[in-house]
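Below is one structure, written out as structure tokens; comments come after it.
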Amino acid sequence: MSRLWGLYIRLIGIQIRSQLQYRVSFLMELLSTGLLNGTYFLALVLIFERFKSVAGWTLGEVAFLAGLIEMSFASMDMIFSGFDPDSFSTKIRSGTLDQMLLRPLPIALQVLGSRWELRRMGRILEGLVIFGVALNLSPVNWTVGKMIYLPVVFLSQVLAFGALFIMGSTLTFWTVQPVEAVNILTYGGNELMTYPATIYPIWLQRFFTYAVPFIFLNYYPALYFLDKPDLLGLTPLAPFLAPLAAAAMMTIAVLFWRFGVDHYQSTGS
Amino acid sequence: MNFLWQLVKLSFKQQLAYRVALWAGLVTNLFFGVLRAVLLIALYNGQAEVNGLTLNSALSYVGLTQAMIAYLTLFGSMDLMNTIYTGAIGTDLLKPVSFFVYWLGRDFGRSLVNLLGRGVLFMLLYSLFYPVTMPARLEQWLVLSLSLILAWLVSFSWRYLINLAAFWTPDARGILRIAFTVSQFFSGFIMPLRLLPDWFTAMIQYTPFPSMVNTSVEVYLGTLQGERLWTALWLQLVWFAVLAGLAHWVYQAGIRRLVIQGG
Numbered sequence: 000m001s002r003l004w005g006l007y008i009r010l011i012g013i014q015i016r017s018q019l020q021y022r023v024s025f026l027m028e029l030l031s032t033g034l035l036n037g038t039y040f041l042a043l044v045l046i047f048e049r050f051k052s053v054a055g056w057t058l059g060e061v062a063f064l065a066g067l068i069e070m071s072f073a074s075m076d077m078i079f080s081g082f083d084p085d086s087f088s089t090k091i092r093s094g095t096l097d098q099m100l101l102r103p104l105p106i107a108l109q110v111l112g113s114r115w116e117l118r119r120m121g122r123i124l125e126g127l128v129i130f131g132v133a134l135n136l137s138p139v140n141w142t143v144g145k146m147i148y149l150p151v152v153f154l155s156q157v158l159a160f161g162a163l164f165i166m167g168s169t170l171t172f173w174t175v176q177p178v179e180a181v182n183i184l185t186y187g188g189n190e191l192m193t194y195p196a197t198i199y200p201i202w203l204q205r206f207f208t209y210a211v212p213f214i215f216l217n218y219y220p221a222l223y224f225l226d227k228p229d230l231l232g233l234t235p236l237a238p239f240l241a242p243l244a245a246a247a248m249m250t251i252a253v254l255f256w257r258f259g260v261d262h263y264q265s266t267g268s
Numbered sequence: 000m001n002f003l004w005q006l007v008k009l010s011f012k013q014q015l016a017y018r019v020a021l022w023a024g025l026v027t028n029l030f031f032g033v034l035r036a037v038l039l040i041a042l043y044n045g046q047a048e049v050n051g052l053t054l055n056s057a058l059s060y061v062g063l064t065q066a067m068i069a070y071l072t073l074f075g076s077m078d079l080m081n082t083i084y085t086g087a088i089g090t091d092l093l094k095p096v097s098f099f100v101y102w103l104g105r106d107f108g109r110s111l112v113n114l115l116g117r118g119v120l121f122m123l124l125y126s127l128f129y130p131v132t133m134p135a136r137l138e139q140w141l142v143l144s145l146s147l148i149l150a151w152l153v154s155f156s157w158r159y160l161i162n163l164a165a166f167w168t169p170d171a172r173g174i175l176r177i178a179f180t181v182s183q184f185f186s187g188f189i190m191p192l193r194l195l196p197d198w199f200t201a202m203i204q205y206t207p208f209p210s211m212v213n214t215s216v217e218v219y220l221g222t223l224q225g226e227r228l229w230t231a232l233w234l235q236l237v238w239f240a241v242l243a244g245l246a247h248w249v250y251q252a253g254i255r256r257l258v259i260q261g262g
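Heads up: the sequence lines are chains A and B, in that order.
As numbered in numbering that gives the first Met the number 0, residues 0 to 268 make up the first sequence, in order.
As numbered in numbering that gives the first Met the number 0, residues 0 to 262 make up the second sequence, in order.
In structure tokens:
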């Protein structure tokens, strides 16, 4: 186990060192990644000058949702780079996956170690800035419970998004090309969780409660951190279901991935 | 001229070949369109009108900008940059038209498919979810067509211009991403410009970006009228001329630095 861990760290280390070779270019990428994603929040800040609140949420409260989900999505996007369906499908098309399957190492470890997009740090920092703005505009009444639960929510979000990446990549065993609908869940999910769940029409709320449990990953935990009432009237336990939702999604993803690997047929390239 | 016609036809066909991608793209645009519409409805919160933009107009605004993503390549393109890095530009320079016109022709075919196919289909699908207003009079449609063509010309010139950065740096992706982010934001694609603070719109009205998206959408909605309408159209034309002129000058300076390594 520790041997595999050491190997993983080495693979990632190689990735990071190679990306740091061109410093200026890397810094530009970092800056552009942060700016690109920050623009959407900036637009929201500006528009709040006219509107003041959305569904009873102030700018600071929305920033809490936005900052947290931005940090966790970007972290996932970096850690699970190898499972990004766009890059994973090229492994299938080019036959790189076939090479990996020949090596006496767990395939998931090789995929995870094959890519580590360090420039996502730009987006993580951007999320951190938004989260800082949130804490400034609408301070959280910190309790011990909240301090312990915050990292748990963050990790749950990272794992839940990671599960979607793994499932999206597994689909490409059959489709060869990345499936666009997966982007709706990953990038769309990130966008969706940026705003309070009550703004969405009922059918969308239901879908993201029962089919893909996004609502428990950001909206409900935020209600707990910000001491806001639950207008949807789910169980009082709802804010604490984030780790459960993430574990369920990850379990399904891992089972699907194993099924996919067992049934993999090379494209022959 | 015949060469140019063939070029447009080819890129038109090339774009039409990816029909599954077209549908998949439509579904994604639709999902994000719905998300943005939902946010605007929540922000309006029952107000009939904000700064001269009714909720229905704002919803149409969102639909139109989503419909124009592929037509105006709003997320940007790095194709030209890549030809400089791969050396493919060498054969492009041998073509019997100027480099600018060559890329204009390629982009025209691609854009046309995306306007007629993806744009119109998108509006039909979107109108199943939200009310979409339509220009009532024939002149409005004519002016809209003119404005859409001008918007495409401005948008193309901007993309062409910043791709030329590849003549100077071995990795222009960061620069291009920043440039595309700026144009997405300031053009009104991310949020309707009228809903942004007055000091902000006052600042960006002196940039070419509103001419890329916002002007055409406001022509469609009929919020631009009379003299202001004609000023906006003139501005689109002026920005096209300025950007194209600038692009020509930058190209002249850049092409002298071009070194293509072997074949």
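Every residue gets a Cβ at the ideal spot worked out from N, C-alpha and C, and that includes glycine.
C-alpha of residue 133(A) to C-alpha of residue 64(A): approximately 9 angstroms in a straight line. Secondary-structure assignment with DSSP links residue 52(B) through a beta bridge to 49(B). One Cα belongs to residue 140(A), the other to residue 55(A), and the distance between them is close to 19 angstroms. Boundaries of the alpha helix (DSSP H) harbouring residue 169(A): 143-174, taken from the DSSP string. Against chain B, the beta carbon of residue 24(A) has neighbours under 7 angstroms at 170, 173, listed in chain order. The beta carbon of residue 196(A) sits no closer than 8 angstroms to any beta carbon of chain B. Looking from the CA of residue 52(B), the closest CA among 229(B), 219(B), 249(B), 257(B) belongs to 219(B). Residue-level contact check: residue 31(A) touches chain B, since one or more beta carbons of chain B fall below 8 angstroms from its beta carbon. Using a 10 angstroms sphere on the CB of residue 22(A), the tally of other CB atoms stays under 16, which defines it as exposed.
For residue 202(A), the enclosing alpha helix (DSSP H) has its first and last residue at 201-205. In the DSSP secondary-structure assignment, residue 56(A) is bridged to 53(A). The contact set of residue 163(A) on chain B, defined by CB atoms closer than 9 angstroms, is empty, because the minimum CB distance reaches about 15 angstroms. The three-state secondary structure of residue 262(A), taken from DSSP, is coil.
Counting C-beta atoms within 10 angstroms of its own C-beta, residue 90(B) has fewer than 16 neighbours from the protein chains shown and is therefore classed as exposed. The beta carbon of residue 116(B) lies closer than 8 angstroms to those of 15, 21 in the same chain, with the five residues before and after it left out. When the five nearest sequence neighbours on each side are left out, the beta carbons in the same chain lying within less than 7 angstroms of the beta carbon of residue 192(B) are those of 200, 209, 213, in order along the chain. The C-alpha of residue 95(B) lies about 8 angstroms from the C-alpha of residue 2(B).
Contact holds between the stretch 177-193 of chain B and the stretch 31-50 of chain A, because three or more Cβ pairs, one in each stretch, are under 8 angstroms apart.
Per DSSP, residue 169(B) is not a residue of any alpha helix (DSSP H), being assigned neither H nor E.
Straight-line spacing of the CA atoms in residue 157(B) and residue 71(B) works out to 11 angstroms. Contact between the stretch 135-147 of chain B and the stretch 52-64 of chain B is absent, with fewer than three C-beta pairs closer than 8 angstroms. Residues of the same chain with a CB within less than 6 angstroms of the CB of residue 170(A), apart from the 5 flanking positions on each side, are 178 in chain order. When 212(A), 216(A), 184(A) are compared, the shortest CA-CA separation from residue 151(A) is found for 216(A). Annotated three-state conformation of residue 116(A) is coil, per DSSP.
Interface flag for residue 150(B) against chain A is unset, since no Cβ pair is found closer than 8 angstroms. Judged by DSSP in its simplified three-state form, residue 197(B) adopts helix. Between the alpha carbons of residue 250(A) and residue 242(A) lies a gap of roughly 12 angstroms. The DSSP-derived three-state label of residue 140(A) is coil. When the five nearest sequence neighbours on each side are left out, the beta carbons in the same chain lying within less than 7 angstroms of the beta carbon of residue 238(A) are those of 219, 220, 222, 223, in order along the chain. Residue contact with chain A for residue 63(B): absent (no Cβ-Cβ distance below 8 angstroms to any residue of chain A).
In the three-state reduction of the DSSP assignment, residue 9(A) falls in the helix class.
Judged by DSSP in its simplified three-state form, residue 81(B) adopts helix. Using a 10 angstroms sphere on the CB of residue 50(B), the tally of other CB atoms stays under 16, which defines it as exposed.
For residue 99(A), the enclosing alpha helix (DSSP H) has its first and last residue at 95-101. For a Cβ distance threshold of 9 angstroms, residue set 38, 41, 42, 44 of chain B lies close to residue 53(A), ordered along the chain.
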